[in-house]
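Quick notes on the structure that follows.
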Amino acid sequence: MAAPSFALDFERPLLELERKIDELKSLSGGAPGDFSAEIQKLEKKARRLQSEIFSDLSRWQVTQLSRHPQRPYFLDYVQLLFTDFFELAGDRSYGEDPSIVGGWARLDGRPVMLLGHQKGRNTKENMVRNFGMPRPEGYRKARRLMELADRFGRPVLTFVDTPGAYPGIGAEERGQAEAIAVNLEVMSRLHVPVVSVVIGEGGSGGALAIAVANRVLMLENSIYSVISPESCSSILYRDTTKAEKAADALKLTARDLLELEVVDELVPEPDGGAHRDPARAAEAVGRVLRKHLQALLAMDGPALVEDRYRKFRAMGPFTLGG
Amino acid sequence: MATWFSKKPRIAPVKPEEVDSLRQQPSRMQGLWAKCEECNEIIYRAEIEKNLNVCPLCGHHMLWPARARLQALLDEGTFEESDRELEPTDPLGFTDSKRYRDRLRVTRRALDENDAFVGGIGHIEGHPVSVGAFVFEFMGGSMGSVVGEKVTRLFERATERRCAAVVFSASGGARMQEGIFSLMQMAKTAAAIARFREVKKPYISVMLHPTTGGVAASFAWLGDVILAEPKALIGFAGPRVIEQTIRQKLPDGFQRSEFLLEHGMVDAIVPRKDLRAKLGALLGLMG
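In order, the protein sequences belong to chains C and A.
Using our numbering, read the first sequence as starting at 225 and increasing by one per residue.
Using our numbering, read the second sequence as starting at 134 and increasing by one per residue.
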């Protein structure tokens with residue numbers, strides 16, 4: 225595998241070791257002999273280093289992985305898992321927002337509606353995708369497509385990956401909060417199966433607006449939070465550099481949320497994170513997605529609405545005092 | 134006496150200075166005189182209270198505590214509180230400059246409220262309503278699990294009784310200290326409203342100063358009719374966050390009630406003195 229061109233600090237030792245191995249391999253020119261013992265030794269060392277680094281990631285490290293610029297994005301999963309993708313654009317009242325992408329596709333031949341936040345790979349793409357931060361028209365497009373799916377009896381599969389809904393003047397003028405609120409209500413009464421997968425960042429209301437699902441799955445190195453660790457730290461500690469501490473306080477990783485019973489299943493990532501092997505990451509997502517979709521397809525419309533209601537109705541601990 | 138003693142103290146004592154600072158923070162209404170934060174005039178406190186906490190000089194709508202509001206807007210003696218026994222927990226073991234647990238203890242003691250929402254049933258101009266209001270003084274009216282649960286139950290009560298729902302919102306949004314659970318209250322309350330729609334009774338959402346974040350982006354903006362008090366700050370993102378993002382100053386009046394009315398985001402701006410009559414009229418018109 226080609227070494228990624230971007231590296232997080234804690235990935236660097238591993239990536240350097242791998243580059244050394246690649247160099248040795250190319251020196252030996254493919255002919256067995258001279259370096260093979262050395263290569264084997266280094267490969268073993270690399271495996272050990274990888275498991276050392278990744279077996280005990282801090283919440284802040286997971287946060288960084290969830291935002292890794294080489295992490296597979298929604299459209300990568302579309303390509304790797306689905307066929308016949310037919311993108312649909314526009315909210316029919318104001319505009320088209322490319323930070324949420326949606327459209328028909330097939331999963332194993334079965335027609336489904338896909339929706340997902342889409343980040344850009346580079347500055348130019350991010351100008352178009354707005355770093356995956358939707359404006360109201362994005363949420364209204366999502367709503368339109370979910371209602372289409374409902375009308376035609378197709379399951380809705382959503383992929384969550386956003387820092388949050390965009391906080392801008394235009395977004396406020398056009399009713400960002402209203403757009404999100406309406407989606408929450410609309411999703412709660414869809415008569416078709418809804419499955420959401422958090423593939424990277426689950427940024428607050430902007431994430432939830434496409435994630436009121438019967439089943440919510442999370443990739444192992446993804447996060448889902450009421451507020452970003454940076455904003456939380458700037459509000460609570462009046463210091464943006466304490467994001468690491470805030471990440472711990474917020475308990476925002478897939479593992480945390482599974483433990484808190486807010487999500488249904490954790491999707492394991494390939495060694496070293498999804499960006500090291502997107503095809504295998506997609507395979508794992510596909511496996512878990514199919515399993516849950518299969519179970520939901522056995523339920524009728526009212527049962528699906530009831531199932532979703534009960535799921536969210538039960539969330540949020542409190543006690544009864546006297 | 135015996136019952137008094139047998140009550141196990143559930144919360145540790147609060148330092149008097151903590152209580153004082155908390156009491157004074159929100160309203161600046163201690164003592165006989167109070168200062169209007171808008172026109173800076175010093176006004177006789179009883180004058181302000183008589184005027185529903187609206188400045189008699191400049192018309193500025195000051196914070197109006199939830200219980201006083203409900204008492205004044207509902208038909209006399211009709212309000213019955215529900216779910217008062219719901220108490221918050223600390224599901225994440227959250228600590229910032231203080232432990233969340235301690236923050237709750239101090240706030241609960243100082244305000245004599247369990248959390249940031251008061252809900253119940255009553256009548257407005259003869260119409261039965263399931264009604265509730267935010268206690269903004271309680272951690273900025275932030276929504277954690279208790280607030281979410283109370284709002285959800287408010288709509289469930291309205292559904293069971295087939296009566297209208299009225300919610301007075303004043304909140305900075307989801308409560309950070311309860312993390313992901315606070316976020317999930319947005320979905321929970323919205324789903325309860327979806328069910329309530331089936332009984333075809335009106336839900337009137339009244340947005341007060343301020344209504345932002347996760348509260349704005351869930352039940353507050355789902356009203357069949359949305360009213361706002363004058364000059365309330367209403368929006369998704371707080372002004373500071375927007376300024377940091379776009380790196381420019383926001384125009385005057387941005388995200389205020391009048392701005393929202395102009396942009397088609399609320400139905401009407403209603404001064405406090407007219408609120409009761411307007412609510413009564415709407416309930417009559419909508420059934």
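We treat Cβ as the ideally placed atom computed from N, Cα and C, and that holds for glycine.
All values derive from a computational prediction rather than experimental measurement.
- At a beta-carbon threshold of 9 angstroms, none of the residues of chain A lie near Glu235/C; the nearest stands roughly 27 angstroms away.
- Per DSSP, Ser282/C has no beta-bridge partner at all.
- Proximity of chain A to Thr465/C at the Cβ level (cut-off 9 angstroms) is not reached, the minimal Cβ distance being about 15 angstroms.
- Residue burial is scored here from C-beta neighbours: Asp248/A has at least 16 other C-beta atoms within 10 angstroms and is therefore classed as buried.
- Within 8 angstroms of the CB of Asn247/A, the CB atoms of chain C belong to Gly545, in sequence order along the chain.
- Taking a beta-carbon distance threshold of 8 angstroms, Arg413/C counts as an interface residue toward chain A.
- Look at Ile375/A: its C-beta is under 8 angstroms from a C-beta on chain C.
- Only residues of its own chain outside the window of five on either side were considered, and among them Arg283, Trp284, Thr287 and Pro453 have a CB closer than 6 angstroms to the CB of Ala471/C, listed in chain order.
- Of all residues in the region 272-286 of chain A, those with a C-beta nearer than 8 angstroms to a C-beta of chain C are Gly277, Ser278, Val279, Gly281, Glu282 and Thr285, reading in chain order.
- Per DSSP, His256/A is one residue of the beta strand (DSSP E) stretching across Phe250 to Ile257.
- For the 8 angstroms CB-CB criterion, Pro417/C and Leu331/C do not form a contact.
- In this structure the region 328-345 of chain C touches the region 359-372 of chain C; the number of beta carbon pairs closer than 8 angstroms is three or more.
- In this structure, the beta-carbon distance from Pro358/C to Gly430/C falls below 8 angstroms.
- Along the length of the region 198-270 of chain A, whole beta strand (DSSP E) runs at least 3 residues long occupy 213-215, 219-221, 250-257 and 260-267, reported in chain order.
- Interface residue (Cβ-Cβ distance to chain A less than 8 angstroms): Ile451/C is classified as such.
- Close to Gly368/A, with beta-carbon spacing below 7 angstroms, are these residues of chain C in chain order: Glu396 and Ala401.
- For Gly497/C, there is no enclosing beta strand (DSSP E), as DSSP marks it with neither H nor E.
- Sequence-distant Cβ neighbours of Phe230/C in its own chain, meaning closer than 8 angstroms and more than five residues away, are His292, Pro293 and Gln294.
- Within 8 angstroms of the CB of Glu220/A, the CB atoms of chain C belong to Phe542, Thr543, Leu544 and Gly545, in sequence order along the chain.
- At a cut-off of 8 angstroms, the C-beta of Gly392/C has a neighbouring C-beta in chain A.
- Phe314/A belongs to the set of residues whose beta carbon lies under 8 angstroms from a beta carbon in chain C.
- For Arg286/A, the enclosing alpha helix (DSSP H) stretches over residues Ser278 to Arg294.
- Residue pairing of Glu311/C in beta bridges, as defined by DSSP: Gly327/C.
- For the C-beta of Ala307/A, the chain C residues within less than 7 angstroms are, from N- to C-terminus, Val450.
- Pairwise C-beta distances place the region 432-446 of chain C out of contact with the region 374-385 of chain A, as fewer than three of them are shorter than 8 angstroms.
- By the neighbour-count criterion, in which 16 or more other beta carbons inside 10 Å mark a residue as buried, Asp374/C falls on the buried side.
- Interface with chain A (8 angstroms Cβ-Cβ cutoff): Gly497/C is excluded.
- The closest CA to that of Pro360/C, considering only Leu416/A, Ile402/A and Met398/A, is found on Met398/A.
- One alpha carbon belongs to Met442/C, the other to Lys411/A, and they sit about 47 angstroms apart.
- The region 253-263 of chain A makes no contact with the region 516-534 of chain C: fewer than 3 CB pairs, one atom from each, lie closer than 8 angstroms.
- By the criterion of at least three beta-carbon pairs nearer than 8 angstroms, the region 215-228 of chain A is in contact with the region 269-279 of chain A.
- Taking a 10 Å sphere around the C-beta of Tyr297/C, we find 16 or more other C-beta atoms and assign the residue as buried.
- When secondary structure is reduced to three states using DSSP, Ala435/C falls in the coil class, being assigned neither helix nor strand.
- By the rule that beta-carbons nearer than 8 angstroms mark a contact, Thr378/A touches chain C.
- The secondary-structure analysis by DSSP pairs Thr386/C across a beta bridge with Gly426/C.
- Its chain contains Val422, Val440, Leu441, Met442, Tyr448, Ala478 and Leu481 as the residues whose beta carbon lies nearer than 8 angstroms to that of Val487/C, once the 5 sequence neighbours on both sides are disregarded; these appear in chain order.
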